[in-house]
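Engineer: Residue numbers (my numbering): 53 to 373.
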Ligand code: NDP
């Protein structure tokens, strides 16, 4: 029987339980996939802790890459032996998972499963943030918080590829080095970043702030953005932002504030294929670098969650079944 990581009661990382499961049987529209690598994401910690409630018990995880073992009835897009990746298949912390064919994308030759698993959720996020939420134009100066994180390193590279200029925030010298390698032109600590951003932009502020940190950075993000700029609050690694009075957007400079989420930017199959094709091809062609900061055995999922939440990690964390 395949092994998986179950959550029977919500709580800290210790509730993640390495256990065996029934071999899944693919139904209509589903693929049974042998998982090569499962991606670890912040949202998995929210599901585990109960911040985003799911029906209990459940198998953790959403993201991964692997090889199709069997295609269910009505599936004409993939067949046994195809290599696929996905960002939205519940139960992906497992040796085998059912992936809806509608959310699977083909992995091109030249991209290994670890890179594909590392790319889908965070790479698609970097893509929609930089191309659709605030489409970065040549010469734009923008601010990326937590730039050495999973989304951050990919986002920095995608912005650079569009001709944007990245000011980054990070918490350690090692993370600073990674942000610079990814293309950031200035790297700041968190303490005085709004003032430093003003200095670096000749008092103007940045065209956009990409803020996945949330509670601890949000006020500063509003101070760092230019008149008529965009604050894309896409995450809450430090905790959720309290309610915001819209009048604050006026006094900060007629700011556009958005709280986007990936599902709404890959809702149509064409959009998923466009974004996934862009990032997977960029990795295959050597234009986008995937930094895997931690590889863990499936049975070690607890440690992966501890490390992610303790702010100890860089780039992508993977579970290898
Ligand atoms: P990261 O790899 O970026 O890890 C989070 C980073 O945030 C840390 O490494 C740390 O970097 C920084 N951070 C700052 N304060 C804290 C804190 N108090 N606790 C923990 N970390 C902190 O994670 P991801 O790239 O996976 O995700 C980043 C955020 O984006 C998450 O909130 C996630 O939920 C969200 N997200 C949103 C999506 C969407 O579509 N809206 C899709 C994907 C992710 P440093 O030490 O340098 O400060």
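Positions of the beta carbon are idealized from the N, C-alpha and C atoms, including for glycine.
1. Can you give me the start and stop residues for the beta strand (DSSP E) that residue 262 sits inside?
2. With a threshold of 7 Å between beta-carbons, can residue 127 be considered close to chain C, or not?
3. Closer than 6 Å by C-beta to residue 269: which residues in its own chain qualify, once you throw out the five before and the five after it? Chain order, please.
4. Does the region 250 to 262 come within contact of the region 222 to 233, defined as at least 3 CB pairs closer than 8 Å?
5. Is the region 55 to 65 in contact with the region 141 to 156, if contact means three or more CB pairs nearer than 8 Å?
6. First and last residue of the beta strand (DSSP E) that includes residue 115?
7. Residue 67 bridges to which residues according to DSSP?
8. Under 6 Å: does the beta carbon of residue 341 sit that close to some heavy atom of the ligand NDP?
9. Between residue 359 and the rest of its own chain, which residues show a CB-CB distance below 6 Å, the 5 nearest in sequence each way excluded?
10. Mind checking whether the beta-carbon of residue 177 lies closer than 6 Å to any heavy atom of the ligand NDP?
11. In the structure shown, what three-state DSSP assignment does residue 267 receive?
12. What's the gap between the Cα of residue 80 and the Cα of residue 130?
13. Report the rounded CA-to-CA distance for residue 211 versus residue 72, giving the unit in angstroms.
14. Judging by CA-CA distance, which residue of 343, 348 and 354 is the nearest neighbour of residue 199?
15. Using the C-alpha atoms, what's the distance from residue 133 back to residue 172?
16. Residue 246 by DSSP, collapsed to three states: which one?
17. Return the residue from the list 86, 354 and 112 that minimises the CA-CA distance to residue 136.
18. Just to confirm, does residue 204 get its C-beta within under 6 Å of one of the non-hydrogen atoms of the ligand NDP?
19. Following a CB-centred definition, is residue 159 positioned closer than 6 Å to any heavy atom of the ligand NDP?
20. Quick one: grab the DSSP three-state call for residue 227.
21. Roughly how many angstroms separate the alpha carbons of residue 194 and residue 272, rounded to a whole number?
22. On the CB-based measure, 16 or more other CB atoms within 10 Å of its CB, does residue 165 come out buried or exposed?
23. In whole angstroms, give me the CA-to-CA distance for residue 310 and residue 100.
24. Alpha carbon to alpha carbon, how far is residue 286 from residue 278? Give it in angstroms, no decimals.
25. With H, G and I counted as helix, E and B as strand and the rest as coil, what does DSSP make of residue 169?
26. Under the criterion of a Cβ to heavy atom distance below 6 Å, does residue 121 qualify as lining the ligand NDP?
27. Does residue 58 come out as helix, strand or coil in the three-state DSSP assignment?
28. Locate the alpha helix (DSSP H) running through residue 344, then write down its first and last residues.
29. Measure the alpha-carbon distance for residue 355 versus residue 112 and round it to whole angstroms.
30. For a test of your reading of the model: does the CB of residue 281 fall under 6 Å from any non-hydrogen atom of the ligand NDP? Yes or no.
31. Tell me whether residue 189 sits in a helix, a strand or coil according to DSSP, three-state version.
32. Which of the three DSSP states is assigned to residue 214 in this structure?
Structural biologist: Let me lay it out:
1. For residue 262, the enclosing beta strand (DSSP E) stretches over residues 258 to 263.
2. Of the protein chains in the structure, only one exists, and it is not chain C.
3. Same-chain partners within the cutoff: 197 and 263.
4. In short, these stretches do not touch, since the Cβ pair count stays below three.
5. Yes, they touch.
6. Per DSSP, the continuous beta strand (DSSP E) segment holding residue 115 begins and ends at 115 to 123.
7. Looking at the DSSP assignment, residue 67 forms no beta bridge with any residue, so it has no partner.
8. Outside the cutoff, so no.
9. 365.
10. Yes - the ligand NDP has a heavy atom lying nearer than 6 Å to the Cβ of residue 177.
11. Residue 267: coil per DSSP, three-state reduction.
12. One C-alpha to the other measures close to 13 Å.
13. One C-alpha to the other measures close to 42 Å.
14. Of the listed residues, the one whose Cα sits closest to residue 199 is 343.
15. The straight-line gap from Cα to Cα measures roughly 20 Å.
16. DSSP places residue 246 in helix when its eight states are reduced to three.
17. Looking at the Cα atoms, 86 is the closest of the given residues.
18. For residue 204, the CB falls within less than 6 Å of some heavy atom of the ligand NDP.
19. Outside the cutoff, so no.
20. Three-state result, residue 227: helix.
21. Computed Cα separation, rounded: 14 Å.
22. Result: buried.
23. Distance between residue 310 and residue 100, taken at the CA atoms: about 26 Å.
24. Computed Cα separation, rounded: 19 Å.
25. Reduced to three states, the DSSP call for residue 169 is helix.
26. In terms of side-chain proximity, the C-beta atom of residue 121 is found no nearer than 6 Å to any non-hydrogen atom of the ligand NDP.
27. Residue 58 falls in the strand class under three-state DSSP.
28. No alpha helix (DSSP H) holds residue 344; the beta strand (DSSP E) holding it covers 344 to 349.
29. Distance between the alpha carbons of residue 355 and residue 112 is about 14 Å.
30. The nearest non-hydrogen atom of the ligand NDP is 6 Å or more from the C-beta of residue 281.
31. Residue state, collapsed to three classes: coil.
32. Of the three classes helix, strand and coil, the one that applies to residue 214 here is coil, per DSSP.
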